[in-house]
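K.L.:
Residue numbers (the numbering used here): 165 to 497.
(1) Does DSSP put residue 279 in a helix, in a strand, or in coil?
(2) Label residue 442 either buried or exposed according to how many other C-beta atoms from any shown protein chain fall within 10 Å of its C-beta, with 16 as the threshold for buried.
(3) So, is residue 468 buried or exposed, given that buried needs 16 or more other C-beta atoms within 10 angstroms?
(4) Starting from the Cα of residue 472, find the closest Cα among 458, 459, 488 and give me that residue.
(5) Pull up the CB-CB distance for residue 300 and residue 266, whole angstroms please, since I reckon it's below 8 Å.
(6) Hey, is residue 393's beta-carbon within less than 7 Å of any beta-carbon in chain C?
(7) Relative to the C-alpha of residue 494, which residue among 474, 476, 237, 466 is closest?
(8) Of the choices 459, 413, 397, 408, whose alpha-carbon is the least far from that of residue 426?
(9) Whole angstroms is fine: what's the gap from residue 446's alpha carbon to residue 217's?
(10) Could you tell me if residue 185 is buried or exposed, where buried requires 16 or more neighbouring beta carbons within 10 angstroms of its beta carbon?
(11) Rounded to whole angstroms, how far is the Cβ of residue 437 from the Cβ of residue 450, which I believe are closer than 8 Å?
(12) Among 435, 419, 384, which one has its Cα closest to the Cα of residue 408?
(13) Helix, strand or coil: which one does DSSP assign to residue 310?
(14) With 16 as the cutoff for other CB atoms within 10 Å, does residue 484 come out buried or exposed?
(15) To the nearest angstrom, report how far apart residue 189 and residue 244 are at their CA atoms.
(16) Hey, quick one: how far does the alpha helix (DSSP H) through residue 351 stretch, first residue to last?
(17) Going by other Cβ atoms of all chains shown within 10 Å of its Cβ, with 16 needed for buried, is residue 396 buried or exposed?
(18) Hey, is the stretch 305-319 in contact with the stretch 277-294, meaning 3+ C-beta pairs nearer than 8 Å?
(19) Does the beta-carbon distance from residue 350 to residue 314 come in below 7 Å?
(20) Counting C-beta neighbours from all protein chains within 10 Å, is the total for residue 410 16 or more, i.e. buried, or is it exposed?
(21) From residue 479 to residue 302, what does the alpha carbon distance come to, in whole angstroms?
(22) Is any heavy atom of the ligand HEM found at a distance shorter than 6 Å from the C-beta of residue 420?
(23) How do the stretch 242-260 and the stretch 222-234 stand: do at least 3 beta-carbon pairs fall below 8 Å, yes or no?
(24) When the Cα of residue 486 is compared with those of 292, 367, 474, which residue comes out closest?
(25) Give me, in chain order, the residues of the same chain whose beta-carbon lies closer than 8 Å to that of residue 304; leave out the 5 immediate sequence neighbours on both sides.
(26) Could you check the C-alpha separation between residue 492 and residue 417 for me, to the nearest Å?
(27) Helix, strand or coil for residue 360? Go by DSSP, reduced to three states.
(28) So what's residue 201 in DSSP terms, helix, strand or just coil?
(29) Going by beta carbon distance, what residues of the same chain come within less than 7 Å of residue 464, once the five residues before and after it are set aside?
As structure tokens, then:
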């Protein structure tokens with residue numbers, strides 16, 4: 165049904181990219197039996213219980229944005245049991261180096277270590293559903309409680325049009341209400357089985373993000389293009405993101421500036437400042453555009469002084485960035 169969900173470098177990690185390329189209509193038939201989904205309170209409690217891991221993943225992603233995916237490899241040593249962190253590294257490597265290298269690495273890791281983790285990671289990239297299923301079966305035989313492997317296995321069943329997978333998917337969510345990957349799978353497959361009601365519930369209850377699943381990957385790609393001094397390709401990447409994506413809009417404004425569209429960049433930053441008046445990155449970029457791009461020293465000084473006031477009031481700003489602002493403000497006075 166769901167043809168090739170980017171062959172498992174997919175939504176079954178919070179950082180995955182989902183590609184639903186072709187949908188085959190489901191034949192009429194019985195619906196899956198009733199299994200009660202967790203309610204809002206259960207999902208909220210699960211979110212709080214898992215908040216530490218998601219905060220770590222967020223920090224790892226931001227580091228990869230600024231320093232490349234290899235910069236978070238040491239985190240795998242510090243967090244060896246975080247399947248999502250391993251999947252994040254795999255996804256970012258896939259974006260950076262392409263599928264061929266990522267797949268070769270997954271196979272090599274599997275030769276060295278046939279653990280449930282490496283069986284799962286190889287299955288995520290495997291082009292053969294049959295082989296992927298065999299690896300997941302082996303992983304779950306060794307570790308029956310491997311939740312993300314269960315989700316990936318259910319996604320393979322959905323690919324084959326197996327409508328009864330809705331029941332085990334809902335049972336999995338009842339037992340693991342904080343599993344974002346399972347919620348996302350439910351939101352994707354429920355409409356294909358004539359259950360838009362379940363898709364709506366998944367959208368409401370999914371505990372992490374209702375945004376486009378490829379947003380972070382798009383951000384990462386755009387940062388790479390900006391570092392490579394290719395703002396045109398960054399703008400192309402970022403043009404598909406929704407207006408609600410603040411980080412994407414910030415990157416888009418930076419790309420406008422780098423491409424020479426200084427007034428558009430200024431207006432984009434001003435719009436972001438209206439949304440988040442305390443965001444130091446926006447304030448810094450506003451000052452930078454006025455000083456370096458538009459040659460408006462007085463306006464630049466006003467932004468830099470506002471940054472220093474907010475820093476004095478306790479707003480966080482990197483030390484090096486604050487030193488820059490202080491030096492520029494001194495020169496402009």
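Here a beta-carbon is modelled for each residue, glycine too, at the ideal position from N, C-alpha and C. Only a predicted model underlies this, so the values are computations on that prediction, with no experimental measurement involved.
P.N.:
Concretely, from the data shown:
(1) coil
(2) Its Cβ having fewer than 16 others within 10 Å, residue 442 is exposed.
(3) buried
(4) 488
(5) About 18 Å separates the two Cβ atoms, so there is no contact after all.
(6) Structure shown: chain C not included; a single protein chain is present.
(7) Ranking 474, 476, 237, 466 by Cα distance to residue 494 puts 466 first.
(8) Minimum Cα-Cα distance from residue 426 among the listed residues 459, 413, 397, 408 corresponds to 459.
(9) 28 Å
(10) Confidence at residue 185 is low in this model, with a pLDDT of 24, below 50, so its placement is unreliable and the value that follows should be read with caution. Residue 185 is exposed by the Cβ-count criterion.
(11) 6 Å
(12) Of the listed residues, the one whose Cα sits closest to residue 408 is 435.
(13) Note: residue 310 maps to coil in three-state DSSP.
(14) exposed
(15) Note that residue 189 scores 27 on pLDDT, short of 50, meaning its location in the model is unreliable; the coordinates nonetheless yield the value given after this. Rounded to the nearest angstrom, the two C-alpha atoms are 41 Å apart.
(16) Start and end: 344-353.
(17) exposed
(18) yes
(19) In this structure, residue 314 does not lie closer than 7 Å to residue 350 by Cβ.
(20) exposed
(21) 50 Å
(22) Of the ligands one can find in the structure shown there are none, so the ligand HEM has no counterpart to examine.
(23) Judged by Cβ distances under 8 Å, the stretch 242-260 makes contact with the stretch 222-234, as three or more pairs qualify.
(24) With distances taken between CA atoms, residue 486 lies nearest to 474 out of 292, 367, 474.
(25) 280, 310, 313, 314, 317
(26) 22 Å
(27) helix
(28) coil
(29) 451, 454, 455, 496
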